[in-house]
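Q: So the sequence lines, in the order shown, correspond to chains C and H. Quick note on numbering: the first sequence equals residues 79 to 289 in the working numbering. Quick note on numbering: the second sequence equals residues 79 to 289 in the working numbering.
There are 2 protein chains.
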Amino acid sequence: MTLPGLRERKKQRTREALIKVALELFTEHGYERTTVDEIVDTVEVSQRTFFRYFSSKEEVAFAVQQMVEERFVEALRRRPPGEGPFDAMRNAVLSGWDTIGDAITEVVPLELYLRTFQMIESTPALLAVHLRRSTEMEETLARIIAEREGLDVDVDPRPRIAVAAFSGVMRVTGQMWGRGTDQSLEAIRALTERYLDHLAPALAPRWRDRT
Amino acid sequence: MTLPGLRERKKQRTREALIKVALELFTEHGYERTTVDEIVDTVEVSQRTFFRYFSSKEEVAFAVQQMVEERFVEALRRRPPGEGPFDAMRNAVLSGWDTIGDAITEVVPLELYLRTFQMIESTPALLAVHLRRSTEMEETLARIIAEREGLDVDVDPRPRIAVAAFSGVMRVTGQMWGRGTDQSLEAIRALTERYLDHLAPALAPRWRDRT
DNA sequence: TTGTCAATTGTCAGTGACTGTCACTAGCCT
DNA sequence: AGGCTAGTGACAGTCACTGACAATTGACAA
């Protein structure tokens, strides 16, 4: 296992430069008003090269997000088998928020990532892609849960249902965080905890009995 | 209240022709492989006219879906106030499936609609838009629920959370229906009922105790 | 019935995302 | 050093979509 050659390092630098410049332009001028040409002119590569690294203009907007998601999946895989499905997902998310900051900073400033996330939530075209990506992750999560519980995901619908409900709440969390004023990592962590606690009571037949 | 003039009727016919031809071409050759030019050539209008009726190629794919959703929202509004939030949504959906068939048939054959739905689920670009549209509807639903319960949707997160969980399950239902073999209205109704029944138990701390 | 107005449509020219092709450059490896 | 090949750039083309303006055609009053 030698360190990667010059060629490989060059590729990595080009890729990171494209991501960084793209996110800066997107968050500064807006996604739709930024053209791919502007990005590649700044980085000084051809448009063709951009599309060799990213299959679409949308994809580059999710490059960092992608990393965060992979981390969450790993965290879920590592939860002790004793935990029930819902607790495992909940704890995976909550423990994830604690360490995610450092991992992001290695690629782009944390603040740029947070602004990117808000941009995604507020740009219809990106929001759509974000949601589709989420459902793809749900499939992964459902399979992990099914495996933990020793179930067949194609027979027992409960893993998918639990994951769908869980993800729905997580999505609302992200939405509310984006709309709020406190745009910090701590804020999103607190919201996550609070909203997940509300889920079970929200399904009760009547709400008026207790708050 | 006079009947609409010739001009209005012509517009309606053009619109319906565009929808019908588009859905037929989409389901037959695939969404991506169908160009807007093919659609407008068949209907014999200019491309510019197409984009005056539909803001994008995607939008025409959701024209019928749009109608179905409006119906569901109306059904929810009509649920008796005595029902709890979850029961109201559940019953609105289930009662909706019973009458939706006729409403669809007035625009396109039911079978074409069902095939369109599957095409949406299996075409990434359309699935993304579908999911975004769903979240827009969730906002509407949350407001209705909040109103029914006398809550402020901006203060109490429970309406959004309940709707998010409910919608998550509905989405999985649609997905599973699309993948299955029984592509009938009855099948989707049965799945809906079955999956919603699974939601509350799926959130229980442990699953092994009971099925 | 006819002429005028306004709504609707078509034509045309352009932009921007994305793709296939092919020549060229530059690490890599012997 | 020199051949091999991964990666890049240049170029031409497709397709979704938009603005501007001209042409057409219902609607409606004189």
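Each residue gets a CB set at the ideal place from its N, CA and C atoms; glycine is no exception.
1) Quick check on Lys135 (chain C): buried or exposed, where buried means 16 or more other Cβ atoms within 10 Å of its Cβ?
2) Residues of chain C with CB under 7 Å from Arg210 (chain H), in chain order?
3) Let me know if Thr194 (chain H) comes out buried or exposed under the rule of 16 or more other beta-carbons within 10 Å of its beta-carbon.
4) Verify whether the separation of the beta carbon atoms of Leu219 (chain C) and Leu154 (chain C) is less than 8 Å.
5) The alpha helix (DSSP H) that contains Tyr273 (chain H), what's its start and end?
6) Given that Ser245 (chain C) touches chain H, what residues does it touch there, using C-beta distances under 8 Å?
7) For Leu96 (chain C) versus Ile117 (chain C), is the C-beta spacing smaller than 8 Å?
8) Looking at C-beta atoms only, is the number of pairs between the region 208–222 of chain H and the region 120–128 of chain H that lie closer than 8 Å three or more?
9) Which residue's Cα is closest to the Cα of Glu94 (chain C): C:Phe140, C:Glu199, C:His107?
10) Is the Cβ of Trp255 (chain H) closer than 8 Å to any Cβ of chain C?
11) So, with DSSP's three-state summary, where would you put Ser124 (chain C)?
12) Leaving out five residues on either side along the sequence, give the residues of the same chain with a beta carbon under 7 Å from the beta carbon of Gly252 (chain H).
13) Check for me: the alpha helix (DSSP H) holding Arg205 (chain H) runs from which residue to which?
14) Locate the alpha helix (DSSP H) running through Asp180 (chain H), then write down its first and last residues.
15) Are the CB atoms of Thr112 (chain C) and Leu103 (chain C) within a distance shorter than 8 Å?
16) Using C-beta distances below 7 Å, list every residue in its chain close to Thr289 (chain C), excluding the 5 sequence neighbours before and after it, in chain order.
17) Across the region 258–275 of chain H and the region 266–280 of chain C, are there enough close Cβ pairs to call them in contact, namely three or more that are closer than 8 Å?
18) Using a Cβ-Cβ distance under 8 Å, would Thr111 (chain H) count as near chain C?
19) Any contact of the region 165–173 of chain H with the region 156–175 of chain C, i.e. 3+ C-beta pairs under 8 Å?
20) Closest by CA to Met254 (chain H), which one among H:Ser245, H:Ile266, H:Phe244, H:Ala243?
21) Which chain C residues sit within Cβ distance under 8 Å of Tyr191 (chain H)?
22) Identify, in the order they occur along the chain, each residue of the same chain with its Cβ nearer than 6 Å to the Cβ of Leu192 (chain H), setting aside the five sequence neighbours on each side.
23) Using the beta-carbon of each residue, which ones in chain C are nearer than 8 Å to Val250 (chain H)?
24) If I'm right that Glu227 (chain H) touches Trp285 (chain C) with Cβ under 8 Å, what's the distance once you round it to whole angstroms?
25) Can you look up Arg93 (chain H) in the DSSP assignment and give me helix, strand or coil?
26) Can you confirm whether Pro283 (chain C), when its beta carbon is compared against all beta carbons of chain H, has any partner nearer than 8 Å?
27) Consider the Cβ of Pro163 (chain C): report whether some Cβ of chain H lies at a distance smaller than 8 Å.
28) Cα separation between Pro40 (chain H) and Ala240 (chain C)?
29) Could you confirm whether any beta carbon from chain C is found closer than 8 Å to the beta carbon of Glu227 (chain H)?
30) Please list the partners that Ala278 (chain H) has in chain C, where partner means a Cβ-to-Cβ separation under 9 Å.
31) Just how far apart, CA to CA, sit Glu152 (chain H) and Val185 (chain H)?
32) Use the C-beta contact count for Gly174 (chain C): other C-beta atoms within 10 angstroms, 16 or more gives buried, fewer gives exposed.
33) Name, going along the chain, the residues of the region 174–185 of chain H whose beta-carbon falls closer than 7 Å to a beta-carbon of chain C.
34) Measure from the C-beta of Tyr273 (chain H) to each C-beta in chain C and report whether the shortest distance is under 8 Å.
35) Could you give the distance in angstroms between the alpha-carbon of Asp119 (chain H) and the alpha-carbon of Met215 (chain C)?
36) Rounded C-beta distance between Leu277 (chain C) and Val250 (chain C)? I'm assuming under 8 Å.
A: Quick answer:
1) Locating residue 135 (chain C) in the first sequence gives position 57, counting from the first residue. The residue is buried, with at least 16 neighbouring Cβ atoms inside 10 Å.
2) Residue 210 (chain H) sits at position 132 when you count from the first residue of the second sequence. By Cβ distance, chain C contributes Pro202, Leu205, Ala206, Leu209.
3) Walking along the second sequence from the start, residue 194 (chain H) turns up at place 116. Its Cβ being crowded by 16 or more others within 10 Å, Thr194 (chain H) is buried.
4) To locate residue 219 (chain C), count along the first sequence from 1; it is residue 141. To locate residue 154 (chain C), count along the first sequence from 1; it is residue 76. Yes; because the gap between Cβ atoms is below 8 Å, this pair is in contact.
5) Looking up residue 273 (chain H) in the second sequence gives position 195. Counting along the chain, the alpha helix (DSSP H) containing Tyr273 (chain H) begins and ends at 263–280.
6) Within the first sequence, numbered from 1, the residue matching residue 245 (chain C) stands at position 167. Here the neighbours are Gly246.
7) For the purposes of this step, residue 96 (chain C) is identified with residue 18 of the first sequence, where counting begins at 1. For the purposes of this step, residue 117 (chain C) is identified with residue 39 of the first sequence, where counting begins at 1. Against a cut-off of 8 Å, the Cβ pair of Ile117 (chain C) and Leu96 (chain C) comes out as a contact.
8) no
9) Numbered from its first residue, the first sequence carries residue 94 (chain C) at position 16. With distances taken between Cα atoms, Glu94 (chain C) lies closest to C:Phe140.
10) Within the second sequence, residue 255 (chain H) is the residue found at index 177, counting from 1. Not closer than 8 Å to any Cβ of chain C, the Cβ of Trp255 (chain H) fails to qualify, so no.
11) The residue labelled residue 124 (chain C) in the question sits at position 46 within the first sequence. Three-state result, Ser124 (chain C): coil.
12) Residue numbering aside, residue 252 (chain H) sits at position 174 when the second sequence is read from its first letter. The answer, listed in chain order, is Glu199.
13) By 1-based counting over the second sequence, the position of residue 205 (chain H) is 127. Arg is not the amino acid found at residue 205 (chain H); the sequence shown has Leu there. It spans 202–227 - the alpha helix (DSSP H) in which Leu205 (chain H) sits, taken as one unbroken run.
14) Translated into the one-based positions of the second sequence, residue 180 (chain H) becomes position 102. First-last of the alpha helix (DSSP H) with Asp180 (chain H): 163–183.
15) One-based indexing of the first sequence puts residue 103 (chain C) at position 25. One-based indexing of the first sequence puts residue 112 (chain C) at position 34. Yes, these two residues count as a Cβ contact at 8 Å.
16) On the first sequence, position 211 is the one that residue 289 (chain C) refers to. Residue confidence for Thr289 (chain C) is low, a pLDDT of 43 falling below 50, so the modelled location carries little weight; the figure read from the coordinates is stated next. There are no such residues.
17) no
18) Counted from its first residue, the second sequence places residue 111 (chain H) at position 33. Reading the sequence as shown, one finds Arg at residue 111 (chain H) and not Thr. No, Arg111 (chain H) does not count as interfacial toward chain C.
19) no
20) Position 176 of the second sequence, counting from 1, holds the residue named residue 254 (chain H). That would be H:Ile266, whose Cα lies nearest to the Cα of Met254 (chain H).
21) Numbered from 1 along the second sequence, position 113 holds the residue referred to as residue 191 (chain H). In chain order: nothing, as chain C lies at least about 22 Å away.
22) Taking the first residue of the second sequence as position 1, residue 192 (chain H) is located at position 114. Counting only Cβ-Cβ distances below 6 Å, and skipping sequence neighbours, we find Gln261.
23) As a position in the second sequence, residue 250 (chain H) is number 172, starting the count at 1. Correct list: Pro235, Arg238, Ile239, Ala242.
24) Translated into the one-based positions of the second sequence, residue 227 (chain H) becomes position 149. Translated into the one-based positions of the first sequence, residue 285 (chain C) becomes position 207. Yes, they are in contact, since the Cβ atoms of Glu227 (chain H) and Trp285 (chain C) sit about 6 Å apart, within 8 Å.
25) The count along the second sequence starts at 1 and reaches residue 93 (chain H) at position 15. Here Arg93 (chain H) sits in helix by DSSP.
26) The residue labelled residue 283 (chain C) in the question sits at position 205 within the first sequence. True, the Cβ-Cβ gap to chain H drops below 8 Å.
27) Counted from its first residue, the first sequence places residue 163 (chain C) at position 85. Yes, contact with chain H.
28) Because chain H spans 79 through 289 in this model, residue 40 (chain H) falls outside it and cannot be assessed.
29) One-based indexing of the second sequence puts residue 227 (chain H) at position 149. Yes, Glu227 (chain H) lies at the interface with chain C (some Cβ there is under 8 Å from its Cβ).
30) Locating residue 278 (chain H) in the second sequence gives position 200, counting from the first residue. Ordered by position in chain C, the residues that pass the 9 Å Cβ test against Ala278 (chain H) are Ala278, Leu281, Ala282.
31) As a working mapping, residue 152 (chain H) is identified with position 74 in the second sequence. As a working mapping, residue 185 (chain H) is identified with position 107 in the second sequence. Computed Cα separation, rounded: 19 Å.
32) As a position in the first sequence, residue 174 (chain C) is number 96, starting the count at 1. So Gly174 (chain C) counts as buried.
33) none
34) The sequence position of residue 273 (chain H) within the second sequence is 195, counting from 1. Yes, Tyr273 (chain H) lies at the interface with chain C (some Cβ there is under 8 Å from its Cβ).
35) By one-based count along the second sequence, residue 119 (chain H) stands at place 41. By one-based count along the first sequence, residue 215 (chain C) stands at place 137. Going by the C-alpha atoms only, they are around 40 Å apart.
36) Taking the first residue of the first sequence as 1, we reach residue 277 (chain C) at position 199. Taking the first residue of the first sequence as 1, we reach residue 250 (chain C) at position 172. Leu277 (chain C) to Val250 (chain C), Cβ: 10 Å. No contact.
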